[in-house]
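Down below is the structure, laid out as structure tokens.
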Amino acid sequence: MAHYAVRESPPLRGEIPISTSKNAVLPIMCGALLTSEDVRIEKAPELTDVKTLCALLESCGCRVRREGSALILRADALRMPQDEEDVRKMRASVLVLGPLLARLGEARIPLPGGCAIGQRPIDQHLKGMSALGAGVTCEHGGVTLRGHLRGAVIYLDMPSVGATENLIMAATLAEGVTRIENAAKEPEIVDLAAFLSAMGARITGAGTSTIVIEGVKRLHGASWQPIADRVEAGTMACACAITGGELLLRGARAEHLRSLLFKLSEAGVHIKDTPGGLLILGRAKQPFEIRTMVYPGFPTDLQAPMMAVACRTPGTSVFLETIFENRFMHAAELSRLGAHIRVENRVAVVEGVRELTGARVAATDLRAGAALILAGLAAEGETIVTDETGHIDRGYDRIEEKLAAVGGLVQRIEETA
Ligand code: UD1
């Protein structure tokens, strides 16, 4: 179990290499189940979510090996998952449903777990699979899908990222043409579709709200380098906005972070899009309003890091969380550091304060944990961020090393239970 000791830090200066996107790599790993040939994923990040998914894929009969930073997957003996524990650990494990169903004509998983940031049902995944011709049975805490898949028109009630990804994958091997309406438009979906196309899939419209997939008989192996992690990049941009300084986020792409960059500019932070990545200059000076939305709106995953920024920015900032119903758990923890935050249902109002003071706080979910580390950089004295269940390692590749390399006073403390 890792905890983090954070001290008030000088302005951050230097370069942070941005890792490969967790939210892109997880669906791409599941996509590897769609072929019996080798899939090579370059620069796979060292995250516990990636390790958990590797274990789940192995339990589905997929061979997994690391070659340096690349991950090589070969699903030549595909079968139903044998170990259900790995599915429960992580919400993204629901993404094996589409590939298993497409290749085996059957899929069964226990209902998935993940961060406790809301109810997170999977009804849209199931509704879509059912439209493609799968029989769906939910019993004994699990869901079973069975059937031969045929192309269909699917309308998603909300543009769910996971459901869009799962349905694209299922449809690649379905008979005929599938059209997903009201699809999610996140960059990770565009990346997944490009990867599947490199495997021989026929997909158009990824990145728009209508995606069309023409089923093919089989897919072949491919090598892929997934996109840089826009949430990690956004978190580091927020770190700079809290301490001031000058950070080059190597590999970060401005076009994936427009909503955050607009908000940081409104707050007085300077941003330069350079060939090497994004340059973030200076600290936030004015308050801002954030409404989380589906892409290209402001990402819910950056709401907590931006709240850490708001805590030290003069004036009143307002947050409206529209994606998840329980995603302000970090507000209570930030208040322990002296932040002034009022939460009413899905709205949080933050009055910036001149000083935060270090305290012991708990990482209640992945992004909340990162937000507390950022707040600790601007809190007088020492902040201890406890992370009992390893939330931060699920999604950030050595966050303490990356911050320390640019002057952040962050130390990881390994504690034995
Ligand atoms: C993905 C991201 C996560 C991000 C989220 C929203 C991955 C691995 N995770 O999660 O980091 O916070 O997108 O940008 O990519 N919903 C339903 N029924 C469904 C599916 C979703 O009601 O069948 C609801 C959810 O409860 C939630 C909202 O839709 O309120 C968004 O969920 P979704 O877009 O599916 O997020 P994930 O794919 O789980």
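Here the sequence shown stands for residues 2 to 418, where the numbers follow this note's numbering. Just so you know, even glycine gets a beta-carbon here, dropped at the ideal spot from N, CA and C. Since we're looking at a predicted model, the values are computed, not measured.
On the criterion of 16 or more Cβ atoms from any shown chain inside 10 Å, does Ile414 qualify as buried, or is it exposed? exposed
Below 8 Å on the Cβ atoms is my contact criterion, and I expect Asp50 with Ala93 to pass it. Report the Cβ-Cβ distance as a whole number of Å. Right, the Cβ-Cβ distance comes to about 7 Å (below 8 Å), so this counts as a contact.
Within this structure, are the beta carbons of Met200 and Pro28 separated by less than 9 Å? Taking C-beta atoms as the reference points, Met200 and Pro28 fail to come closer than 9 Å.
Helix, strand or coil: which one does DSSP assign to Ala369? helix
Assign Gly359 to one of two classes, buried (16 or more other C-beta atoms within 10 Å of its C-beta) or exposed (fewer than that). buried
Check the DSSP bridge columns for Pro111 and list the partner residues they point to. Gly143
Roughly how many angstroms separate the alpha carbons of Ser37 and Gly222, rounded to a whole number? 8 Å
My understanding is that Leu378 touches Thr244, with C-beta atoms under 8 Å, so please give their C-beta distance in whole angstroms. About 5 Å; that satisfies the 8 Å criterion.
Give the list of continuous beta strand (DSSP E) stretches no shorter than 3 residues that lie fully inside the region 153 to 207. 154 to 156, 178 to 182, 203 to 205
Heavy atom of the ligand UD1 within 8 Å of Pro160 beta-carbon: It does: the Cβ of Pro160 is within 8 Å (strictly closer) of some heavy atom of the ligand UD1.
For the alpha helix (DSSP H) that Pro18 lies in, which residues bound it at each end? Note, Pro18: premise wrong, no alpha helix (DSSP H); beta strand (DSSP E) at 13 to 18.
For Arg92, is the beta carbon positioned less than 8 Å from some heavy atom of the ligand UD1? yes
Shorter than 8 Å, the distance from the beta carbon of Ala164 to the closest heavy atom of the ligand UD1, or not? It does: the Cβ of Ala164 is within 8 Å (strictly closer) of some heavy atom of the ligand UD1.
Quick one, which of Gly148, Val137, Val144, Ala78 has its alpha-carbon nearest Arg89's? Val144
Between the region 285 to 298 and the region 333 to 341, do at least 3 Cβ pairs fall closer than 8 Å? no
Is the Cβ-Cβ distance between Leu57 and Asp87 less than 9 Å? yes
On the criterion of 16 or more Cβ atoms from any shown chain inside 10 Å, does Arg395 qualify as buried, or is it exposed? Buried, since its Cβ has 16 or more Cβ neighbours within 10 Å.
DSSP three-state call for Phe289: helix, strand or coil? coil
Local Cβ density within 10 Å of Met237, reported as buried at 16 or more and exposed below that: buried
Looking at the unbroken alpha helix (DSSP H) that takes in Lys218, where does it start and where does it end? From DSSP, Lys218 is part of no alpha helix (DSSP H); its letter is neither H nor E.
Pull up the distance between the alpha-carbon of Val7 and that of Arg231, whole angstroms please. 24 Å
Distance, Asp302 Cα to Leu146 Cα: 30 Å
With a threshold of 8 Å, are at least 3 pairs of Cβ atoms found where one atom belongs to the region 198 to 214 and the other to the region 248 to 263? no
Asp50 - partner residues in DSSP beta bridges: Bridge partners of Asp50 according to DSSP: none are assigned.
Let me know the beta strand (DSSP E) ranges lying completely inside the region 248 to 286, each 3 residues or longer, listed in chain order. 271 to 275, 278 to 282
So what's Ile118 in DSSP terms, helix, strand or just coil? Its pLDDT being 43, under 50, Ile118 is placed unreliably by the model, and nothing is read from it.
Can you give the beta carbon distance from Gly163 to Val97, rounded, assuming they're within the 8 Å contact cut? Contact flag wrong, Cβ pair sits at about 11 Å.
So, at 6 Å on beta carbons, what are the nonlocal neighbours of Thr205 in its own chain, with the 5 sequence-adjacent residues on each side left out? Val213
Within this structure, are the beta carbons of Ala240 and Gly409 separated by less than 9 Å? yes
Assumed close pair Pro297, Lys186 - CB separation to whole angstroms, cut-off 8 Å: Correct: roughly 7 Å between the Cβ atoms.
If we call anything under 9 Å between Cβ atoms a contact, is Gly278 one with Ile19? Contact annotation: Gly278 and Ile19 have beta-carbon atoms nearer than 9 Å.
Given Arg14 as reference, the closest of Asp77, Val411, Gly246, Ala103 once Cα atoms are compared: Gly246
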